[in-house]
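Numbering (my numbering), first residue to last: 91 to 239. Some notes on the structure that comes next.
Here is the structure:
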């Protein structure tokens, strides 16, 4: 499917489901990784992740387009277009649009490394994500020296 065909599909869905015209463009953007699509606030274009179409098919693509068109039409009308807005949620229900797309790529996140520091005087523990210079910092309770545990 080309970008032109995608734009025509978006126009058709907009006309049938929303009964409003789509006057901008739709593009496939292969750089999208974690989302099925996005609505661009400045250009009013809609970008779709081609992997979601390849992996899940036409029905998923149609759902993503309907979701992004909810953002599009509400934004142009000056209503609440964000996910948390009531206008957006109501329009999703009215049009049968999905709130979330199917998961494209699952990230294998490693647990973040933790650094544990202990006060030499009062034995208070401090857990940090970022390593710190123990010569520069002191205990917040008793101002004692810190040492890595």
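C-beta: ideal position from N, C-alpha, C; glycine also.
Using the C-alpha atoms, what's the distance from residue 120 back to residue 170?
What you label residue 170 is simply residue 80 of the chain shown in a count that begins at 1. What you label residue 120 is simply residue 30 of the chain shown in a count that begins at 1. Answer to the nearest angstrom: the Cα atoms are 28 Å apart.
Chain-order list of residues whose beta-carbon lies under 7 Å from that of residue 108 (same chain, five-residue window excluded)
As a first step, residue 108 must be located in the chain shown, where it is residue number 18. The answer, listed in chain order, is 159, 163, 185.
Tell me, please, which residues DSSP counts as bridged to residue 209.
Stepping through the chain shown from its first residue, residue 209 is reached at position 119. According to DSSP, residue 209 bridges with 236.
Cβ pair residue 157, residue 187 closer than 8 Å
Residue numbering aside, residue 157 sits at position 67 when the chain shown is read from its first letter. Residue numbering aside, residue 187 sits at position 97 when the chain shown is read from its first letter. Taking 8 Å as the Cβ cut-off, residue 157 and residue 187 qualify as a contacting pair.
Buried/exposed call for residue 190, threshold 16 Cβ in 10 Å
On the chain shown, position 100 is the one that residue 190 refers to. Exposed: under 16 other Cβ atoms inside 10 Å.
Per DSSP, which one or two residues make a beta bridge with residue 217?
By one-based count along the chain shown, residue 217 stands at place 127. Answer is 206.
Below 8 Å on the Cβ atoms is my guess for residue 238 versus residue 205; work out the distance and round it to an integer in Å.
By one-based count along the chain shown, residue 238 stands at place 148. By one-based count along the chain shown, residue 205 stands at place 115. The Cβ separation is near 7 Å, so the contact holds.
Please name the residue or residues paired with residue 129 in a DSSP beta bridge.
Looking up residue 129 in the chain shown gives position 39. Its beta-bridge partners are 136.
Report the residue from 126, 210, 233, 118 whose alpha carbon sits nearest the alpha carbon of residue 91.
Numbered from 1 along the chain shown, position 1 holds the residue referred to as residue 91. With distances taken between Cα atoms, residue 91 lies closest to 118.
Would you kindly check if the distance between the Cβ of residue 103 and the Cβ of residue 116 is under 8 Å?
Along the chain shown, read from residue 1 onward, the residue named residue 116 stands at position 26. Along the chain shown, read from residue 1 onward, the residue named residue 103 stands at position 13. For residue 116 and residue 103, no; Cβs fall outside 8 Å.
So who's on the other strand from residue 50, going by DSSP bridges?
Not covered by the structure: residue 50. The range shown for the chain is 91 to 239.
For residue 235 and residue 224, the rounded distance between their alpha carbons
For the purposes of this step, residue 224 is taken as the residue at position 134 of the chain shown. For the purposes of this step, residue 235 is taken as the residue at position 145 of the chain shown. Straight-line Cα distance between these residues: approximately 7 Å.
Are the CB atoms of residue 127 and residue 139 nearer to each other than 8 Å?
Working through the chain shown from its first residue, we reach residue 127 at position 37. Working through the chain shown from its first residue, we reach residue 139 at position 49. Result yes, Cβ atoms of residue 127 and residue 139 sit closer than 8 Å.
Considering only their Cβ atoms, is the gap separating residue 142 from residue 151 smaller than 8 Å?
In the chain shown, counting from the first residue as 1, residue 151 sits at position 61. In the chain shown, counting from the first residue as 1, residue 142 sits at position 52. Result yes, Cβ atoms of residue 151 and residue 142 sit closer than 8 Å.
Excluding the 5 residues preceding and the 5 following residue 96 in the sequence, name in chain order all residues of the same chain whose CB lies nearer than 6 Å to its CB.
Residue 96 sits at position 6 when you count from the first residue of the chain shown. Excluding sequence neighbours, residue 96 sits near 116.
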